[in-house]
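Reading through the C-alpha cells given below for one structure.
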Amino acid sequence: MPTTTAPANPVQQACREMTTPELLADLLSTARRTVRTGEQHAPFITAACSVLQQRCGRSLPSRSFNHEDPAHQLVVQVLTAGGVMAVSAESVREAMMPTLRAQMWAREQAPHDGRTVSTHEEILNGLGTHVFPGPRIPTGRAMTVLYEEDALLGRLLAALAAGEDVDTLVDEITTAAG
Numbered sequence: 148m149p150t151t152t153a154p155a156n157p158v159q160q161a162c163r164e165m166t167t168p169e170l171l172a173d174l175l176s177t178a179r180r181t182v183r184t185g186e187q188h189a190p191f192i193t194a195a196c197s198v199l200q201q202r203c204g205r206s207l208p209s210r211s212f213n214h215e216d217p218a219h220q221l222v223v224q225v226l227t228a229g230g231v232m233a234v235s236a237e238s239v240r241e242a243m244m245p246t247l248r249a250q251m252w253a254r255e256q257a258p259h260d261g262r263t264v265s266t267h268e269e270i271l272n273g274l275g276t277h278v279f280p281g282p283r284i285p286t287g288r289a290m291t292v293l294y295e296e297d298a299l300l301g302r303l304l305a306a307l308a309a310g311e312d313v314d315t316l317v318d319e320i321t322t323a324a325g
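In terms of my numbering, the sequence shown opens at residue 148 and continues consecutively.
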C-alpha cells in the first residue's frame with residue numbers, strides 16, 4: 148500500500164532553498180515593509196523565521212504552562228512551532244477570552260479592589276509572546292505573526308518592530324546558522 152506525504156509548504160520550501168544571507172535579507176526587507184506599511188506578510192515572515200531558527204538551533208525556554216488555558220495553549224503552539232507562528236487575529240482573540248472573562252468577573256465581584264482587565268496583548272506579553280509588528284493585534288481575521296521573545300529570531304522581530312538597529316542580531320544569526 149503506497150504512502151503519501153503531505154505537500155511541503157511552498158513558502159517554507161522556497162525559504163529552505165535560499166542561502167542564509169539571502170533569506171535574512173528578504174526577511175529584513177519584508178519585516179521592515181510590514182512595520183512601515185502595516186501590510187501583512189505573515190506566511191513569509193513565519194516561514195523565514197522558522198527556517199532560520201532551525202539553522203541556528205533552538206532550545207525551548209523552561210516555563211510552566213497551564214495546558215487547560217487556551218492562552219497558554221496558544222503560546223505552547225508558538226514555542227513548538229519554533230518560536231514564531233502565523234495565526235489569525237481572530238484565533239488569538241478567542242484564545243485570550245477565558246482569561247479576559249475571568250478578569251472581568253473578578254473585577255465585578257470586587258469593584259473597589261483596583262482590579263484591572265488586561266488587553267489581549269498584555270496577556271500574550273505576560274506569557275513571553277508578542278505580536279509582530281505589534282503592539283496591537285490586527286482587527287478581523289487577518290493573519291498575524293506571534294513570536295517568542297527569548298528566541299533569537301523573536302529578538303530580531305522585536306528590534307525591527309521598535310525600529311532599532313539589528314546589525315548585531317543579524318551577525319549573531321548568521322554566525323549561529325553556520
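No residue lacks a Cβ here, since even glycine has one placed at the ideal position from N, Cα and C.
These numbers come from a predicted model, not from an experiment.
Is it right to say LEU316 is buried, meaning 16 or more other beta carbons lie within 10 angstroms of its own, or is it exposed?
buried
Please list the segments of the beta strand (DSSP E) lying wholly inside the stretch 213-280, counting only runs of 3 or more residues, in order along the chain.
231-235, 276-279
Assumed close pair THR193, MET243 - CB separation to whole angstroms, cut-off 8 Å
The Cβ separation is near 20 Å, so there is no contact.
Can you tell me which of the three DSSP states VAL292 falls into?
strand
Return yes when the Cβ of GLY275 is within less than 8 Å of the Cβ of ARG202, no when it is not.
no
State buried or exposed for ARG183, treating a residue as buried only when at least 16 other CB atoms are found within 10 Å of its CB.
exposed
Is there contact between the stretch 310-324 and the stretch 210-226, where contact requires at least three CB pairs shorter than 8 Å?
no
I think ALA308 touches GLU296, with their Cβ atoms under 8 Å apart; what is that distance to the nearest whole Å?
About 11 Å; that fails the 8 Å criterion.
Leaving out five residues before and five after PHE191 in sequence, what residues of the same chain have Cβ atoms less than 7 Å from its Cβ?
VAL158, THR177
If I'm right that LEU299 touches GLN200 with Cβ under 8 Å, what's the distance once you round it to whole angstroms?
7 Å
Segment limits, alpha helix (DSSP H) that includes GLU319
314-324
What span of residues does the alpha helix (DSSP H) with GLN327 cover, start to end?
Nothing about residue 327 can be read from this structure; the chain reaches only from 148 to 325.
May I have the straight-line CA-CA distance separating ARG180 from GLU255, to the nearest angstrom?
43 Å
What's the gap between the Cα of ASN156 and the Cα of MET165?
15 Å
Between which two residues does the alpha helix (DSSP H) carrying GLU186 extend?
It is not in any alpha helix (DSSP H) - GLU186 carries neither H nor E in the DSSP assignment.
Determine the burial state of ARG302: buried for a count of at least 16 other Cβ atoms within 10 Å of its Cβ, exposed for fewer.
buried
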